[in-house]
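With our numbering as the guide, the letters of the sequence shown map in order to residues 242 to 606.
Beta carbons are placed, not taken as given, at the ideal position from N, Cα and C, and that holds for glycine.
Note that the structure is predicted; figures quoted are calculated from it, not measured.
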Amino acid sequence: MVAALDDDRYMARALALAERGRGRTSPNPMVGAVIVDADGRVVAEGYHERAGGPHAEVRALAEAGALARGATLYCTLEPCAHTGRTGPCAAAVAEAGIARVVVATRDPNPLVAGRGLAHLRARGIEVVEGVRAQEAARLNAAFFTAMTRGRPWVVLKVATSADARVSARPGARTRLTSEEADALVHALRAEVDAIMVGSETVLVDDPLLTARGAPRGRPLARVVLDGRLRTPPGARLLGTLDHGPVIVISTAEAVAARPERAARLSAAGAEIATAPHRDIAAALAVLHAREIRAVVVEGGPTVHRAALEAGVVDRVQIFVTPAWLGRRGVPWDVPGWFSLAGLHRTRVVPCGADVLLEGDVHGVD
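If you want it as structure tokens, here you go:
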């Protein structure tokens, strides 16, 4: 039997495997699995490559074959115990003859939530929990947030001048970030499910909101919060539907009051979705119902403030540039309680002439 002292090392390998699925597994979590025989030899590995494809445990078991009997399985997340797009992994693990299962953390999905581990224990399999649990939870912060908070995981992204302004003046499109910073932004877009902006950002900046220069294997939703249906049917983002859907979220009252605007947007290819209230939490609930797990909120300042005040921001990314915009510039207006010093797991990343300040507001610990 593999020594318990080696559990940490093999789980680290499983986490590294899980990372390979980043940007491709949503709405499922990223999961990695390693199978080790009684002599401490790795006989198989696997990870969840994409939603709808085989789970990590199944891939590893298929590679191991008969060598799985009597071996230890390391898995970054509890094996599932329900039938979704694929069959239950816990049953496959037991049938393969695995003797010991080490998991980083339980699956927060109510359909699993300990049932997979109970299935294994009931069949005489030794189960160890909690090895590198925090790392595993942080890896799947989007999935854990969706399961425990009932909304997508939200990253608030902003670019500011050195004097904390977001544009040169009201209504002015202002480019601030360097090419290096832009590359990081597009890399993040390639990982998440959706980008969210307010209608003011569409009117002023007319952005494409696509992930450019970064590989992406699935559609990227672009979400516009538009309580007055101001989004122009000729907006550039509506010319990029091959990248993914454009979802305009308004209210039923607004659509009923402005049917011609809604019709023009629908004709241009936008999906009109209605929320019960004109607030960002209600909009996120609409996205959660569509199995959108991770959202980057890119602007503008009004949407940023609303997201912070609603308590729905999980991570903040601030790109600080050397530009100085002065008193006429539009400030990044945030609630008085918000402070960079209050963020957790902060990091500072140089991006050409700019600097990225990043940290978690709250979320999976």
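Contact check between the region 380 to 398 and the region 526 to 539: three or more CB pairs, one atom from each, fall below 8 Å, which counts as touching. Looking at the backbone, the Cα of Val407 and that of Pro542 are separated by about 8 Å. Per the C-alpha coordinates, the member of Thr313, Asp447, Ala428, Asp280 positioned closest to Gly480 is Asp447. In the three-state reduction of the DSSP assignment, Ile488 falls in the strand class.
By the beta-carbon neighbour count (other beta carbons within 10 angstroms, threshold 16), Gly475 is exposed. The region 569 to 579 makes no contact with the region 421 to 436, as fewer than three CB pairs between them are under 8 Å. DSSP places Met437 in the uninterrupted beta strand (DSSP E) bounded by 435 to 439. Thr317 and Ala274 have their alpha carbons spaced roughly 7 Å apart.
Within the region 329 to 356, the complete beta strand (DSSP E) segments at least 3 residues long are 341 to 344, listed from N- to C-terminus. For the 8 Å CB-CB criterion, Arg291 and Arg265 form a contact. A distance below 8 Å separates the beta carbons of Val272 and His289. For Arg457, same chain residues with a beta-carbon under 6 Å away, outside a window of 5 residues either side, are Ala431 in chain order. If you check the CB distance, Leu258 and Glu286 come in under 8 Å. In this structure His545 is in contact with Leu397, their Cβ atoms being roughly 6 Å apart against a cut-off of 8 Å. Pairing Pro460 with Gly485 gives a Cβ-Cβ distance under 8 Å. Taking the Cβ atoms as the reference, Ala495 lies roughly 11 Å from Leu466, outside the contact range of under 8 Å. The beta carbon of Arg414 sits closer than 7 Å to those of Val445, Asp446, all from its chain and outside the five residues before and after it, given in chain order. Between Leu528 and Gly510, the C-beta spacing is not below 8 Å.
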